[in-house]
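K.L.:
Have a look at this one before I ask anything.
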Amino acid sequence: MRHIRLALRAAEPAGPGIRLLTLMDPDGWPLPRWRPGAHIDLHLPNGLTRAYSLCGDPAEADRWRIAVKREPGGRGGSAWLHDALAVGGELPASLPRCTFPLAEGARRHLLLAGGIGVTPFLPMAAALAGSGADHHLHLLHRGPPPLPAQLGALGDRITLHDTSGGRPDLGRLLGPSEPGTEAYCCGPPGLIEAFLAAWPAERARVEHFTPPPLPPLPDSRPFTLVLARSGRRLDLPAGAPLLPALHALGAAVESSCEGGICGACRVRWLEGPPIHRDRILRPGERETHLMACVAGCAGPRLVLDL
Ligand code: FES
């Protein structure tokens, strides 16, 4: 698994309970390139792994920016990044992954953010503005909005909706779902659910903060897991999780969220059929790939390209 070390070079307040961090290579070397919609995992000293969308400018080759909202009821990840990580401090991170890319060829892009879920949309909106694409960002927030300085740079391409008096009707806010219009949502689970109820799935893209509950595996049965390249195999009972089995077979498959939302454990499958329970692969991608942390198998053999 490829990790890099990052050093905190600057930290500044950026709205209510939000700390904007600038992370660089400790020796100032350029960082791996990324595209709008990408996120990284940070590996914290307390054993937690936390994913954050990159919210800076991909053209800044020597720095990544993330915005961390303090989560009072969380398990301590955001609190550590707020209180314990000082400028000059270092921590390991994954390479960037993009499971929330802009749709190429769409005529119009509607971006819907809930609170700190606006972070992936900052570079996405900048890229759309740079290419002259038709787009608009709707940000739902309660009280003062996050990242006010960054939002100001979006000009009239953003509409703020203070939900202190209730959430607006998403169907009315997004308008008719015409062919050629792609809509995106990043925010808390309730907002993503409402978005998916209001917009056709084939033109919808979502980015989750936390893994939603997994559906059961009603069609699963005992199966043989086969690694095509190494020839290794393992018999597994119905519903057995794939990741531990892959690790037992010596396959170097990465993982992070272990809930089907981050893209770390993507594997090509050759024979199945697999049962997909992730929230990121599009229908066409499922014909060839699965997310090993949540996938099951509906056939007698699951053959992976490993
Ligand atoms: S570990 Fe995140 S999708 Fe599998």
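With my numbering, the residue at position 99 of the sequence shown is 133, and numbering never jumps.
Ideal placement from N, C-alpha and C gives every residue a C-beta, glycine not left out.
Note that the coordinates shown come from a computational prediction; the quantities given were computed from them, not determined experimentally.
#1: Nearer than 8 Å: is that true of the beta carbon of ALA326 relative to any heavy atom of the ligand FES?
#2: Which whole-angstrom value is the C-beta distance of PRO157 and LEU88, which I expect to be below 8 Å?
#3: If you run the structure through DSSP and keep just helix, strand and coil, what is ILE226?
#4: By the three-class DSSP mapping on this structure, what secondary structure does THR215 have?
#5: Figure out for me which residue from ASN80, GLU94, GLY81 has the closest Cα to the Cα of GLY62.
#6: According to DSSP, is ARG263 helix, strand or coil?
#7: For a test of your reading of the model: does the CB of CYS132 fall under 8 Å from any non-hydrogen atom of the ligand FES? Yes or no.
#8: From LEU171 to LEU146, what distance separates their C-alpha atoms?
#9: Based on DSSP bridge pairs, tell me the residues matched to TRP98.
#10: Keeping to the same chain, check which residues put their C-beta closer than 8 Å to that of GLY81; ignore five residues upstream and five downstream.
#11: Going by C-alpha distance, which of LEU340, LEU230, PRO64 is nearest GLY221?
#12: So ARG206 is in the alpha helix (DSSP H); what residue range does that whole segment cover?
#13: Which two residues bound the contiguous alpha helix (DSSP H) that contains GLY318?
#14: Taking the alpha-carbon of LEU125 as reference, which of ARG335, LEU276, PRO250, PRO79 has the nearest alpha-carbon?
#15: Heavy atom of the ligand FES less than 8 Å from the Cβ of ASP312, yes or no?
#16: Which residues does DSSP list as the beta-bridge partners of LEU342?
#17: Return helix, strand or coil for GLY294, following the three-state DSSP convention.
#18: Between CYS299 and LEU277, how many whole angstroms is the CB-CB distance? I'm expecting something under 8 Å.
#19: Go ahead and pull the three-state DSSP assignment for PHE243.
#20: Based on the DSSP output, what are the partners of THR258 in its beta bridges?
#21: Contact defined as beta carbons within less than 8 Å: I believe ALA160 pairs with ASP91. What is the distance between those atoms, to the nearest angstrom?
#22: Helix, strand or coil, according to DSSP, for ALA187 in the structure here?
#23: Rounding to the nearest angstrom, what Cα-Cα distance links ARG39 and HIS323 in this structure?
#24: Mapping DSSP to helix, strand and coil, what is PRO106?
#25: According to the Cβ coordinates, are PRO130 and HIS77 closer than 9 Å?
P.N.:
Looking at the coordinates:
#1: Yes - the ligand FES has a heavy atom lying nearer than 8 Å to the Cβ of ALA326.
#2: In this structure, PRO157 and LEU88 form a Cβ contact; the two beta carbons are roughly 7 Å apart against a cut-off of 8 Å.
#3: If DSSP states are grouped into helix, strand and coil, ILE226 belongs with the helices.
#4: Strand.
#5: Comparing Cα-Cα distances from GLY62 to each of ASN80, GLU94, GLY81, the minimum goes to GLU94.
#6: ARG263: coil per DSSP, three-state reduction.
#7: No, the beta carbon of CYS132 sits no closer than 8 Å to any heavy atom of the ligand FES.
#8: Taking the CA atoms as reference points, LEU171 sits about 6 Å from LEU146.
#9: In DSSP, TRP98 forms a bridge with LEU57.
#10: There are no such residues.
#11: Comparing Cα-Cα distances from GLY221 to each of LEU340, LEU230, PRO64, the minimum goes to LEU230.
#12: For ARG206, the enclosing alpha helix (DSSP H) begins and ends at 204 to 208.
#13: Per DSSP, GLY318 belongs to the alpha helix (DSSP H) from 317 to 320.
#14: The residue among ARG335, LEU276, PRO250, PRO79 with its C-alpha nearest the C-alpha of LEU125 is PRO79.
#15: Within the cutoff, so yes.
#16: Any answer about residue 342 is impossible in this case: the structure gives the chain only from 35 up to 340.
#17: Looking at GLY294 - three-state DSSP - the assignment turns out to be coil, as it is neither helix nor strand.
#18: About 7 Å separates the Cβ atoms of CYS299 and LEU277, confirming a contact at the 8 Å cut-off.
#19: Residue state, collapsed to three classes: coil.
#20: According to DSSP, which records beta bridges pairwise, THR258 is partnered with ASP269, ARG335.
#21: Right, the Cβ-Cβ distance comes to about 7 Å (below 8 Å), so this counts as a contact.
#22: Coil, per DSSP.
#23: Cα-Cα distance, rounded: 30 Å.
#24: Coil.
#25: Contact flag unset, no.
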